[in-house]
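The structure appears right after this line, and notes come after that.
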Amino acid sequence: MTIVTSPSIRKRRGITLVELLVASGVMLILVMALMPVLSTSARAWHRNSQDTTLMMDATLAMRRITSELRRARSVTVSGSNTQVSYVLPNGASGFFGLSYNTLKWHPAEGTADTIDLLTTVSNTDPETGNPYPLFERGANGRTITIRLYVQRQTPAGVRYQRLQELVVLRNQ
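First residue of the sequence shown? That's 16 in my numbering, and the numbers climb one at a time after it.
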């Protein structure tokens with residue numbers, strides 16, 4: 016009995032073990048070469064994500080403060096420059112103040128509860144160690160300078176954000 020083989024069956028080849036090992040080795044070298052790049056990219060993304068969150072939190076707090084003070088009919092800054100009280104045209108009063116590194120807001124309208132507006136706020140300059148005012152009345156009495164310095168400990172290290180804004184009081 017003779018087995019007849021067709022020409023197409025004889026010419027088919029599979030992948031040899033040597034070719035498979037060489038291809039696997041090349042892939043392993045490429046993956047090992049790209050690991051530091053991927054690791055560095057992941058750390059940078061994480062750090063930038065934390066910086067963005069910190070900036071957004073500080074910016075939203077600053078917007079809230081400036082919007083309330085611009086609406087106010089009268090504004091008073093405390094002697095320690097860590098609290099500002101305001102009275103709206105309808106007579107409702109509220110305040111923003113620093114308490115144990117948390118910026119608190121007692122809204123003039125709506126709820127009677129005090130809201131934690133921003134955490135890890137400091138009123139000490141990190142470079143000099145000297146205190147600086149969070150709220151400072153301008154010499155002309157028609158402006159208030161607001162300075163926010165937020166510092167947070169993250170896995171990527173200490174991250175901080177500084178914001179300063181001059182609010183022109185409309186109703187003084």
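Even for Gly, the Cβ is constructed at its ideal location relative to N, Cα and C.
{"query": "Please classify E124: is it buried, with 16 or more other beta-carbons within 10 angstroms of its beta-carbon, or exposed?", "result": "exposed"}
{"query": "Closest to A87 by CA distance: which of A76, L75 and P104 is it?", "result": "P104"}
{"query": "When you compare only the Cα positions, how much space is there between E151 and T55?", "result": "42 angstroms"}
{"query": "Specify, as a first and last residue, the run of the alpha helix (DSSP H) that L149 falls within.", "result": "Segment: none, L149 is in no alpha helix (DSSP H) and carries neither H nor E."}
{"query": "Please report the residue range of the alpha helix (DSSP H) in which I80 lies.", "result": "L32 to R86"}
{"query": "Taking buried to mean at least 16 other C-beta atoms within 10 Å of its own C-beta, is A73 buried or exposed?", "result": "buried"}
{"query": "Compare the C-alpha of E160 against each of Y115, N145, L184 and P141 and name the closest.", "result": "A small fix is needed here, since residue 160 is Thr in this sequence, not Glu. Taking only the C-alpha atoms, the option nearest T160 is L184."}
{"query": "Which runs of the beta strand (DSSP E) spanning at least 3 residues fall entirely within the segment 90-153, listed in chain order?", "result": "98-102, 108-114, 117-121, 130-134 and 150-152"}
{"query": "Give the DSSP-derived three-state secondary structure of G11 in the structure shown.", "result": "Examination of residue 11 is not possible in this model, given that the chain is present from 16 through 187 alone."}
{"query": "Can you tell me whether L49 is buried or exposed, with buried defined as 16 or more other CB within 10 angstroms of its CB?", "result": "exposed"}
{"query": "For R177, which residues from the same chain have a beta carbon less than 6 angstroms from its beta carbon, with the 5 sequence-adjacent residues on both sides left out?", "result": "Y164"}
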